[in-house]
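Please read the structure below before turning to the comments.
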Amino acid sequence: MNNNKIDFDVIIVGGGTNGLSAGCYLGLEGKKTLVLEALDKVGGMASSGYLIPEAPEHLVHPCALDMMSMRVHSQVPQELDLERHGFKAIELAPGYVYLHPDGSSLVFWRDRLKTAAEIRRYSEKDAEAFLEFMNVIDMFLEIALPMMRVDPAKLNLSAKLKVVSSALKNRKLKPELMALMTGSAHQAARERFEHPVTISAMCALTGLAGDITADGGGIYYALLGFLHRFGVGRVLGGMQQLSNAMRARLEELGGQVITSATVTEIVSSQGMVKGVKLADGREFMARSVIAGCHPKVALEMVTAGEMPKHLLTRIAMAPANAKGSGPLKVDVALDSQISVPRFEAARSDGIDLRKTCLLIGTEEAVLENFTACARGEVPTLPYITLAVPSAADPSQAPVGQDVIYIYPPVMPVNPKEGWDNIREAVADQIIDQLSAYVEGIKGHVIGRRIEAAPDFTARLNTVNGCVVHIDTTSMRSSTMRPAHGLGGDTLPVAGLYLGSAGIHPGGGVNGMAGRLAAKRVASYLAKNP
């Protein structure tokens with residue numbers, strides 16, 4: 002590389018929340034940092050914008066919307082002082098509501114006793130079983146959370162002592178915990194509950210994390226634990242405000258950000274990183290590089306011959322939407338506001354269901370969706386998540402109108418017919434299915450935007466449309482994420498670090514993977530001045 006090029010301590014490939022987080026933490030260490038983002042603005046999966054041409058005042062979230070994960074890891078916005086740069090969030094109360102086809106509903110309140118009272122409307126036995134189940138989930142969180150917040154490659158004696166203490170305190174629950182961690186989410190629901198509303202609500206919630214029939218998928222109930230312990234939040238003004246706040250903090254600390262900058266090579270020589278090359282011919286040198294993009298994409302950009310072939314094979318075969326399913330995303334701008342009268346009329350507490358995240362999908366539907374996608378077929382039964390960002394934050398649409406966020410979590414990654422041939426028809430099917438639950442969509446559409454797995458792959462440079470980079474399983478966690486030999490604090494190329502959702506602690510908008518990468522890089526730079 003040309004030695005006359007600008008020098009940096011660290012170059013970060015990817016300006017999503019993890020890349021920006023890494024840059025901020027390194028800025029706090031006084032490091033000279035450059036973030037390179039291929040898109041025309043920062044944020045990656047944590048972005049928002051006016052993306053429907055027919056509706057220039059309806060704000061769209063093309064990926065992430067809810068803020069549960071960053072509430073779990075709240076130290077990031079606190080440590081980075083993001084509120085001072087415009088980041089503000091509100092809590093949704095309640096966060097999630099399950100809608101059953103018969104007009105009944107089940108609210109997942111942050112208060113577990115209130116949630117149990119919801120379940121008691123359908124089954125006294127289920128309500129008691131739920132409270133007992135939450136004890137098991139609490140034990141899992143008390144073991145998992147301390148380890149999620151540290152570098153799994155370190156000794157972490159304090160965190161491990163907390164884990165041991167929790168395990169001893171709750172040792173009577175150990176058999177139940179082992180059953181949960183090794184069994185499927187569907188099994189856990191069937192073991193404990195009897196009423197179809199309760200079972201379906203649990204399936205619809207955990208299906209957001211992955212295949213509810215997969216062994217080890219019982220850990221998806223961490224979602225329920227997080228919901229009760231931390232609640233669900235939304236960013237005021239849209240998710241882009243979070244990413245913009247992180248960029249502002251980074252630049253305040255002396256870091257630089259260049260957008261529309263596509264990295265084509267992470268340059269390495271004799272086992273040591275040297276910098277990066279861009280598609281437009283520019284080159285930048287650095288003592289270290291953090292890949293805030295998908296691990297497979299990153300490692301395949303390393304100078305040919307510098308990464309061992311077996312590790313390239315290992316990351317190429319790491320599961321990413323491996324069961325053939327991934328989300329579909331449909332954003333719709335409306336000239337009016339939606340309503341949910343059939344379900345609100347069946348309740349006596351006056352909850353405004355527009356302001357929650359609605360879960361639609363019976364046990365049968367969730368199972369059918371996963372099996373259909375494995376065959377490359379579009380599911381026929383509705384399993385849909387619906388949110389109305391403009392209900393919680395009216396600034397996101399014109400007065401009296403809505404923008405709706407439709408997220409069927411289980412759609413085929415590679416349908417037999419090809420997404421280019423069926424994209425519009427599938428969106429029509431989803432809206433038809435939603436209309437059996439929600440009023441005010443059909444006949445009120447100004448415009449819409451549709452993205453399926455291939456669109457996520459192309460726009461976000463991910464693999465197989467997987468929004469969490471690597472599938473979330475017990476075998477792809479801690480130092481095993483993204484794969485054995487790639488999840489520790491060193492790589493075969495010295496000075497190169499992974500720092501995205503594809504490493505510990507995994508997906509979600511929280512900046513924790515970037516925080517971890519920054520600490521690893523700071524340690525490396527201190528040892529290699």
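Its first residue numbered 2, the sequence shown is counted upward by one per residue in the working numbering.
Beta carbons: idealized from backbone N, C-alpha and C, even for Gly.
None of the values given here were measured: they were computed from a predicted structure.
Just to confirm, are residue i and residue j a CB contact at a threshold of 9 Å?
{"i": "residue 36", "j": "residue 53", "result": "no"}
{"i": "residue 335", "j": "residue 442", "result": "yes"}
{"i": "residue 497", "j": "residue 316", "result": "no"}
{"i": "residue 44", "j": "residue 18", "result": "yes"}
{"i": "residue 508", "j": "residue 319", "result": "no"}
{"i": "residue 199", "j": "residue 131", "result": "yes"}
{"i": "residue 440", "j": "residue 340", "result": "yes"}
{"i": "residue 522", "j": "residue 27", "result": "yes"}
{"i": "residue 448", "j": "residue 125", "result": "no"}
{"i": "residue 142", "j": "residue 230", "result": "yes"}
{"i": "residue 371", "j": "residue 326", "result": "yes"}
{"i": "residue 469", "j": "residue 71", "result": "no"}
{"i": "residue 218", "j": "residue 207", "result": "yes"}
{"i": "residue 473", "j": "residue 210", "result": "yes"}
{"i": "residue 64", "j": "residue 233", "result": "no"}
{"i": "residue 182", "j": "residue 164", "result": "no"}
{"i": "residue 454", "j": "residue 413", "result": "yes"}
{"i": "residue 295", "j": "residue 197", "result": "no"}
{"i": "residue 432", "j": "residue 333", "result": "yes"}
{"i": "residue 62", "j": "residue 384", "result": "no"}
Using a 10 Å radius around the Cβ and a threshold of 16 neighbouring Cβ atoms, would you call residue i buried or exposed?
{"i": "residue 38", "result": "buried"}
{"i": "residue 253", "result": "exposed"}
{"i": "residue 390", "result": "buried"}
{"i": "residue 263", "result": "exposed"}
{"i": "residue 527", "result": "exposed"}
{"i": "residue 259", "result": "exposed"}
{"i": "residue 314", "result": "exposed"}
{"i": "residue 48", "result": "buried"}
{"i": "residue 91", "result": "exposed"}
{"i": "residue 69", "result": "buried"}
{"i": "residue 381", "result": "exposed"}
{"i": "residue 265", "result": "exposed"}
{"i": "residue 162", "result": "exposed"}
{"i": "residue 419", "result": "exposed"}
{"i": "residue 242", "result": "buried"}
{"i": "residue 152", "result": "buried"}
{"i": "residue 195", "result": "exposed"}
{"i": "residue 425", "result": "exposed"}
{"i": "residue 482", "result": "buried"}
{"i": "residue 114", "result": "exposed"}
{"i": "residue 245", "result": "buried"}
{"i": "residue 444", "result": "exposed"}
Less than 8 Å between the CB atoms is what I'm expecting for residue i and residue j, so what's the real figure, rounded?
{"i": "residue 293", "j": "residue 495", "result": "Residue 293 to residue 495, Cβ: 19 Å. No contact."}
{"i": "residue 15", "j": "residue 436", "result": "With a Cβ gap of about 39 Å, residue 15 and residue 436 do not count as contacting."}
{"i": "residue 356", "j": "residue 93", "result": "7 Å"}
{"i": "residue 411", "j": "residue 374", "result": "6 Å"}
{"i": "residue 235", "j": "residue 393", "result": "5 Å"}
{"i": "residue 138", "j": "residue 127", "result": "With 8 Å as the limit, residue 138 and residue 127 do not qualify as a contact, their Cβ atoms being about 15 Å apart."}
{"i": "residue 66", "j": "residue 398", "result": "Incorrect: roughly 14 Å between the Cβ atoms, too far for contact."}
{"i": "residue 512", "j": "residue 77", "result": "4 Å"}
{"i": "residue 479", "j": "residue 486", "result": "Between residue 486 and residue 479 the Cβ distance is about 13 Å, and since that is not below 8 Å, they are no contact."}
{"i": "residue 202", "j": "residue 99", "result": "4 Å"}
{"i": "residue 465", "j": "residue 298", "result": "With a Cβ gap of about 12 Å, residue 465 and residue 298 do not count as contacting."}
{"i": "residue 324", "j": "residue 377", "result": "The Cβ separation is near 11 Å, so there is no contact."}
{"i": "residue 140", "j": "residue 174", "result": "5 Å"}
Give the DSSP bridge partners of residue i, in chain order.
{"i": "residue 14", "result": "37, 292"}
{"i": "residue 459", "result": "Bridge partners of residue 459: none, in fact."}
{"i": "residue 270", "result": "273"}
{"i": "residue 340", "result": "440"}
{"i": "residue 413", "result": "326"}
{"i": "residue 333", "result": "405, 449"}
{"i": "residue 386", "result": "360, 408"}
{"i": "residue 109", "result": "97"}
{"i": "residue 140", "result": "None, per the DSSP bridge assignment."}
{"i": "residue 547", "result": "The structure shown does not extend to residue 547, since the chain spans only 2 to 530, so no value can be given for it."}
{"i": "residue 90", "result": "236"}
Give the single residue among the options whose Cα lies nearest to the Cα of residue i.
{"i": "residue 364", "options": "428, 187, 333", "result": "187"}
{"i": "residue 34", "options": "21, 42, 46, 40", "result": "21"}
{"i": "residue 492", "options": "525, 467, 23", "result": "525"}
{"i": "residue 415", "options": "382, 401, 321, 362", "result": "321"}
{"i": "residue 301", "options": "269, 325, 283, 281", "result": "269"}
{"i": "residue 108", "options": "152, 345, 383, 333", "result": "345"}
{"i": "residue 506", "options": "29, 180, 409, 145", "result": "145"}
{"i": "residue 429", "options": "446, 278, 64", "result": "446"}
{"i": "residue 255", "options": "457, 216, 9, 419", "result": "9"}
{"i": "residue 305", "options": "179, 329, 274", "result": "274"}
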